[in-house]
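Trainee: The sequence shown begins at 8 in the numbering used here and counts up by one. Virtual Cβ for every residue (Gly too), placed ideally from N, Cα, C. Below is the structure I would like to discuss, written out as structure tokens.
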Amino acid sequence: MLIVCLVPSALFAKCGSVNYSLGADALASMHDYVVTMMLYVLYLCYAIATVVGIIGALQITIKMQIGEDGVKKAVLMLFGAILFIIGASIVFPAFFGYRIW
């Protein structure tokens, strides 16, 4: 009776070792996915910054030609937006531990 009870449990035991290879593969594939998406988001930020910069420069030019007030404010806002995008393009990859230069 004792042998009948112990044999099935010995067959199903893992003998103290655990195979983590499936978890490592999943972690590696998730790392690749996050890095790929990070680059796409960074390139999307660059594209948006380009469009915002062009529109801001056109608005400043139009304000200067018409003679409106607030040209200095528009220039400072455009300069701040450019500084923010430059800072974000450095900080965003650094958040994931990468330096893109």
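Starting from F4 and walking both ways along the alpha helix (DSSP H), at which residues does that stretch end?
Mentor: Outside the modelled stretch of the chain, which goes from 8 to 108, sits residue 4, for which no answer is possible.
Trainee: Tell me which residues share the same chain as L85 and place their Cβ nearer than 6 Å to its Cβ, disregarding the 5 neighbours each side in the sequence.
Mentor: Here L85 has G63 as same chain residues with Cβ atoms under 6 Å from its own Cβ, once five neighbours each way along the sequence are excluded.
Trainee: Helix, strand or coil for D39, going by three-state DSSP, please let me know.
Mentor: helix
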